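Residues 4 to 55 in our numbering are what the sequence shown spells out, letter by letter. The beta-carbon is built from N, C-alpha and C at its ideal position, and this holds for glycine as well. Small disclaimer: the values here were computed from a predicted structure and weren't measured. Here the structure comes first, spelled out in structure tokens, and everything after it is commentary.
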Amino acid sequence: MHGVVSQVEALLVKDKRDAVNGRFAKIKNMAASRRAKLNESHRLHQFFRDLD
């Protein structure tokens with residue numbers, strides 16, 4: 004019986020790990036998108052500043 008419990012626990016841990024990894028990947032993608040937008044905004048502000 005002990006082997007079955009540890010197998011179930013291992014599956015639960017794996018599922019939780021996969022969920023955390025999925026959320027982390029989503030956050031990394033969101034951060035990369037935000038960084039790209041910030042860089043574009045920075046370039047635009049620099050361009051307008053250089054025009055003056």
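Rounded to whole angstroms, what is the Cα-Cα separation between residue i and residue j?
i, j, result
"N24", "D55", "47 Å"
"L14", "M33", "29 Å"
"K29", "L41", "18 Å"
"K17", "V11", "10 Å"
"L47", "D53", "10 Å"
"K19", "S9", "15 Å"
"H45", "R26", "28 Å"
"A22", "A35", "20 Å"
Pick helix, strand or coil for residue i, following the three-state DSSP scheme.
i, result
"D55", "coil"
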